[in-house]
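Number of protein chains: 2
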Amino acid sequence: MNIPDKVVNRLTLYHFILEDMRDDEKYISSTRIASLLNIDDSQVRKDLKYLKNSGKCRVGYEVKQLKHRIEEQLGFKQTRDAFIVGAGNLGSALAKYDSFKDYGLNILAMFDKDSKKIGTIINGKEVFDLSRVGNLASRLNVDIAILTVPKEYAQGAANYLAGAGIKYIWNFTPCILDVPRDVKIWNENLIGSFLQFTNNEEEEEYKNDN
Amino acid sequence: MNIPDKVVNRLTLYHFILEDMRDDEKYISSTRIASLLNIDDSQVRKDLKYLKNSGKCRVGYEVKQLKHRIEEQLGFKQTRDAFIVGAGNLGSALAKYDSFKDYGLNILAMFDKDSKKIGTIINGKEVFDLSRVGNLASRLNVDIAILTVPKEYAQGAANYLAGAGIKYIWNFTPCILDVPRDVKIWNENLIGSFLQFTNNEEEEEYKNDN
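Protein sequence lines correspond, in order, to chains V and E.
Quick note: the first sequence uses my numbering, first residue 365, plus one each step.
Quick note: the second sequence uses my numbering, first residue 365, plus one each step.
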């Protein structure tokens with residue numbers, strides 16, 4: 365798939381809008397989508413051209429079809445299994461974030477080093493000892509980990525995950541992880557995100573691309 | 365400030381690297397930064413040119429100076445006060461995320477509608493009834509809210525915040541909020557972020573810009 369990151373991001377936002385529409389709203393215009401996101405109409409139309417058949421007709425886009433095409437194109441139906449590593453506040457919050465599942469992200473289990481947390485169940489997900497991650501990853505065929513441990517344990521946990529066969533780390537810690545080249549890191553940089561928001565303040569701009 | 369969003373994001377990541385360096389490491393090369401983030405050396409050098417005096421010298425960049433310049437440029441020291449609206453899992457996790465404060469984001473209080481939560485203290489932050497947000501916002505001069513309520517309450521809460529004088533909403537809900545033009549929204553689109561990660565899978569690319 366060759367859709368630029370910013371377009372992937374915006375298509376997801378368009379999907380949120382479509383999800384929220386009432387059943388009797390059959391069509392939506394690019395102008396309406398653009399206005400809700402405070403972006404340019406032409407941007408919306410350009411983005412939707414990435415879809416094979418966006419359901420465009422005289423009165424706008426056919427809501428159901430557009431939703432379906434975005435789902436297809438972004439692979440929402442293609443479920444990806446993942447582990448959460450770090451059963452603290454953020455890890456638990458993400459475990460309880462049920463929207464992930466609607467978009468194809470399925471959390472199978474959680475891991476921690478804290479014996480008080482091991483064995484507990486968070487939103488149906490059991491917390492295991494981190495030492496078991498390699499075993500469970502290979503048994504369950506999981507290669508994605510969402511890393512939410514405290515800062516000071518981030519690199520250690522990353523080393524451990526790399527050794528356990530994890531290939532993708534979605535990194536929520538404010539640390540840059542040094543990992544072997546075959547492990548991919550996606551830095552969820554909340555601080556950078558906030559700084560973009562506040563630095564943009566003067567301009568009349570919303571964040572519609574990440 | 366006219367630094368592009370992606371550069372703001374990467375400068376934050378560079379700062380994470382500098383933060384983690386040992387005291388006896390006085391210099392860092394752009395090659396080292398680039399290698400940790402798996403991006404191009406030339407990209408790092410280009411980004412650092414946005415700083416007034418990056419501390420570049422023959423052996424690399426002077427760590428302390430570079431850190432200081434990034435802080436100055438991105439306004440880490442310029443504290444921004446904010447409220448968290450929604451004292452659930454994600455709201456509590458963000459309230460406990462102490463790194464925010466290091467980067468200038470100061471959470472003063474939390475708000476919820478749930479009487480069981482009102483009056484509790486989360487990491488030193490009191491949870492108030494949402495009906496008090498307008499009063500407290502004007503008394504404490506706060507115009508930023510971090511929105512972490514469940515999806516179904518998101519639009520209602522946003523209406524309420526707009527009416528209470530909040531001007532900036534950092535939106536963690538998977539909803540597109542319809543607000544007056546003078547309220548700015550920054551969508552923290554975790555699902556879009558995950559989809560970018562997994563859609564990029566085939567390519568040998570890390571996420572270094574958001």
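Here a beta-carbon is modelled for each residue, glycine too, at the ideal position from N, C-alpha and C.
If you're wondering where the values come from, they're calculated on a predicted model, not measured in any experiment.
Original post:
Do D542/V and Q560/V come within 8 angstroms of each other at the CB atom, strictly closer than that value?
Top reply: Result no, Cβ atoms of Q560/V and D542/V do not sit closer than 8 angstroms.
Subject >> Residues near T376/V by beta carbon distance below 6 angstroms, same chain, minus five either side >> reply: If we look at T376/V and ignore the five residues flanking it on each side, it has no Cβ neighbours.
Original post:
Short check: CB of V547/V to CB of G450/V, under 8 angstroms?
Top reply: No, the pair does not count as a contact, with Cβ atoms beyond the cut-off.
Original post:
Between A509/V and L472/V, is the Cβ-Cβ spacing less than 8 angstroms?
Top reply: Not in contact: A509/V and L472/V (Cβ atoms no closer than 8 angstroms).
Subject >> Sufficient close CB pairs (3 or more, under 8 angstroms) joining the stretch 405-416 of chain V to the stretch 451-464 of chain V >> reply: The stretch 405-416 of chain V, when compared against the stretch 451-464 of chain V, does not touch it at the 8 angstroms Cβ threshold.
Original post:
To the nearest angstrom, how far is it from the Cα of C539/V to the Cα of A398/E?
Top reply: Rounded to whole angstroms, C539/V to A398/E spans 15 angstroms at the Cα level.
Original post:
Could you give the distance in angstroms between the alpha-carbon of G483/E and the alpha-carbon of S406/E?
Top reply: Roughly 52 angstroms between the two C-alpha positions.
**OP:** Step through the CB atoms of chain V and report whether any lies within less than 8 angstroms of the CB of N572/E.
**Re:** With a pLDDT of only 45 at N572/E, under 50, the local geometry of the prediction cannot be trusted, and no value is derived from it.
**OP:** Using a Cβ cut-off of 8 angstroms (strictly closer), state whether R444/V contacts chain E.
**Re:** R444/V counts as touching chain E.
Subject >> Cross-chain neighbours of E552/V in chain E, by beta carbon under 7 angstroms >> reply: The CB of E552/V comes closer than 7 angstroms to the CB of S557 in chain E, given here in chain order.
**OP:** Could you tell me which uninterrupted beta strand (DSSP E) segments, each at least 3 residues in length, are contained entirely in the stretch 425-483 of chain E, listed from first to last along the chain?
**Re:** Positions of the beta strand (DSSP E) runs, each at least 3 residues long and wholly inside the stretch 425-483 of chain E, are given as 444-449 and 469-476 in order along the chain.
Subject >> Start and end residues, beta strand (DSSP E) containing N553/V >> reply: No beta strand (DSSP E) holds N553/V; DSSP gives it neither H nor E.
**OP:** Throw me the rounded Cβ distance for the F475/V and V506/V pair, which I believe falls under 8 angstroms.
**Re:** With 8 angstroms as the limit, F475/V and V506/V do not qualify as a contact, their Cβ atoms being about 11 angstroms apart.
**OP:** Answer yes or no: do I486/E and A459/E have a C-beta to C-beta separation smaller than 8 angstroms?
**Re:** I486/E is a Cβ neighbour of A459/E, given a cutoff of 8 angstroms.
Original post:
Should L504/V go down as buried or exposed, given a rule of 16 or more other Cβ atoms within 10 Å for buried?
Top reply: Exposed, since its Cβ has fewer than 16 Cβ neighbours within 10 Å.
Subject >> Backbone CA spacing between A521/E and A528/V [nearest angstrom] >> reply: Distance between the alpha carbons of A521/E and A528/V is about 43 angstroms.
**OP:** Rounded to whole angstroms, what's the CA-CA distance from D478/V to V423/E? Just pull it up for me.
**Re:** Cα to Cα, the separation comes out at about 43 angstroms.
Original post:
Out of curiosity, what's the CA-to-CA distance linking D462/E and L554/V?
Top reply: In this structure, the alpha-carbon of D462/E lies about 12 angstroms from that of L554/V.
Original post:
Taking the alpha-carbon positions, what's the N366/E to A457/V distance?
Top reply: One alpha carbon belongs to N366/E, the other to A457/V, and they sit about 35 angstroms apart.
**OP:** Can you have a look at D369/V and say buried or exposed, based on whether 16 or more other CB atoms are within 10 angstroms of its CB?
**Re:** The residue is buried, with at least 16 neighbouring Cβ atoms inside 10 Å.
Subject >> 8 angstroms Cβ shell around G468/E - same chain, five flanking residues per side excluded >> reply: If we look at G468/E and ignore the five residues flanking it on each side, its Cβ neighbours are G439, F440, K441, Q442, T443 and R444.
**OP:** List the endpoints of the continuous alpha helix (DSSP H) containing V491/V.
**Re:** V491/V -> not in any alpha helix (DSSP H); beta strand (DSSP E) instead, spanning K489 to D493.
Original post:
To the nearest angstrom, how far is it from the Cα of D404/V to the Cα of S495/V?
Top reply: Approximately 50 angstroms between the Cα atoms of the pair.
Original post:
Between which two residues does the alpha helix (DSSP H) harbouring L401/V extend?
Top reply: Where L401/V is concerned, the enclosing alpha helix (DSSP H) stretches over S394 to L401.
Subject >> Distance between E389/E and K465/V (C-alpha atoms, nearest Å) >> reply: Put simply, the backbone Cα of K465/V is about 44 angstroms away from that of E389/E.
Original post:
What did DSSP end up calling Y414/V once you bin it into helix, strand or coil?
Top reply: Correct three-state label for Y414/V: coil.
**OP:** From the DSSP output, in three-state form, read off L511/E for me.
**Re:** DSSP places L511/E within a strand segment (E or B) once states are collapsed to three.
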